[in-house]
Amino acid sequence: MSFSAEVKEELEKVMPQARHCRLAELSAIVEFGCHIEETNGEIRITIHSENDAVARKYFTLWKKTFNIGTDVAKALQALKFTGDNAGAGKGADPVLIKSSCCKRAYLRGAFLCIGSMSNPEKGYHLEFVCETDRQAQQIQEAIHSFDIEAKVVRRKKYDVVYLKEGAGIVDLLNVMGAHVSLMNLENLRIEKEMRNSINRQVNCETANITKTVNAASRQLEDIQLIQTHIGLSGLPEHLREIALVRLTHPESSLQELGGYLNPPVGKSGVNHRLRKLSEIASQIQVKA
Numbered sequence: 003m004s005f006s007a008e009v010k011e012e013l014e015k016v017m018p019q020a021r022h023c024r025l026a027e028l029s030a031i032v033e034f035g036c037h038i039e040e041t042n043g044e045i046r047i048t049i050h051s052e053n054d055a056v057a058r059k060y061f062t063l064w065k066k067t068f069n070i071g072t073d074v075a076k077a078l079q080a081l082k083f084t085g086d087n088a089g090a091g092k093g094a095d096p097v098l099i100k101s102s103c104c105k106r107a108y109l110r111g112a113f114l115c116i117g118s119m120s121n122p123e124k125g126y127h128l129e130f131v132c133e134t135d136r137q138a139q140q141i142q143e144a145i146h147s148f149d150i151e152a153k154v155v156r157r158k159k160y161d162v163v164y165l166k167e168g169a170g171i172v173d174l175l176n177v178m179g180a181h182v183s184l185m186n187l188e189n190l191r192i193e194k195e196m197r198n199s200i201n202r203q204v205n206c207e208t209a210n211i212t213k214t215v216n217a218a219s220r221q222l223e224d225i226q227l228i229q230t231h232i233g234l235s236g237l238p239e240h241l242r243e244i245a246l247v248r249l250t251h252p253e254s255s256l257q258e259l260g261g262y263l264n265p266p267v268g269k270s271g272v273n274h275r276l277r278k279l280s281e282i283a284s285q286i287q288v289k290a
């Protein structure tokens, strides 16, 4: 099962206690997951979503919100759908999603019908695919009301509300009530950040090792050049000493080289002596 399907399966089981919140969520499901048809004066609501979770949530909400024998037309009036705007993509009546709890329910119903989320192991992306700009604007405004950033992009004939930041997606899952999915996502985010941190550390250490090896190689070349042309015996004692130590310990760091000297010398002192050897080698190359 995909991560997106897991989120929807969890959201299906979240049931609002307040009737006004159930109306808000049911309104979203009717708006995004159903067709409203009138034939010979009879109004019918047909579920067109391929997701079974949508159908199950629709019937559960309907049963808990209305009496079994409630006339569909009266139920649609309670959901603020009329003959003029039913199924027209105008979004929910603002009265239905005025409070924060109802906005949460509305977003939950919308995600069940038109939402999706990428595999967080590959990247962070959550979206709502809307048929009209009005629907997209309403979903975006509802998300913004919780201080979560969401953007809208036109994709072919659809308006898509999307989030690409892991923190924002975590917050939205919390808003919709997908707490188990939230924790799973947080665990994946932590694992991913740890892997990235380890990779950065390894890359940094590798770069430092490469830098040390390259520097040591140049120093050995300088010392060998000096040894060939003037001999190490012609060097001042402190330079001759560091040259011999470097030849003896070609893979050691500057700090380690300093420890081999008598008396020991700090890293900066070792670096200073090796630079002097490099200058002497450069002078030899110029004269050669």
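When the sequence shown is numbered by the working numbering, its final residue is 290 and no position is left out of the sequence of numbers. C-beta atoms are modelled at their ideal positions from N, C-alpha and C, and glycine is treated no differently. Quick caveat, the model's predicted, so the values are computed rather than measured.
Boundaries (first-last residue) of the alpha helix (DSSP H) holding Glu-167: No alpha helix (DSSP H) contains Glu-167, which DSSP labels as neither H nor E.
Let's test the definition: count the other Cβ atoms within 10 Å of the Cβ of Ala-112 and tell me whether it reaches 16, buried, or not, exposed. Burial is judged here by how many other beta carbons sit within 10 angstroms of a residue's own beta carbon; Ala-112 has at least 16 and is buried.
Chain-order list of residues whose beta-carbon lies under 7 Å from that of Ile-49 (same chain, five-residue window excluded): Excluding positions up to five away in sequence, the list reads Gly-35, Cys-36, Val-56, Ala-57, Tyr-60.
Per DSSP, which residues does Lys-153 bridge with? Please list them. Residue pairing by DSSP puts Lys-153 in a beta bridge opposite Tyr-164.
Just mark Thr-4 as buried or exposed, buried being the case when its beta carbon has 16 or more other beta carbons within 10 Å. Per the sequence shown, residue 4 should be read as Ser rather than Thr. In the assembly as shown, Ser-4 is an exposed residue. Its beta-carbon has fewer than 16 other beta-carbons within 10 Å.
Within the same chain, show all residues whose beta-carbon is closer than 8 Å to that of Glu-223, passing over the 5 residues directly before and after it, in chain order. The answer, listed in chain order, is Ala-283.
Alpha helix (DSSP H) runs wholly inside the region 13 to 86, at least 4 long, in chain order: Qualifying alpha helix (DSSP H) stretches, in chain order: 21 to 35, 54 to 67, 74 to 80.
Three-way DSSP call (helix, strand, coil) for Phe-130 in this model: Reduced to three states, the DSSP call for Phe-130 is strand.
Rounded straight-line distance, which links the Cα of Leu-114 to that of Gln-19: Going from the Cα of Gln-19 to the Cα of Leu-114 covers about 18 Å.
Candidates Leu-63, Leu-165, Val-267: which alpha carbon is nearest Gly-117's? Among Leu-63, Leu-165, Val-267, the Cα nearest to that of Gly-117 belongs to Leu-165.
Hey, is the region 187 to 201 in contact with the region 218 to 234, meaning 3+ C-beta pairs nearer than 8 Å? In short, these stretches do not touch, since the Cβ pair count stays below three.
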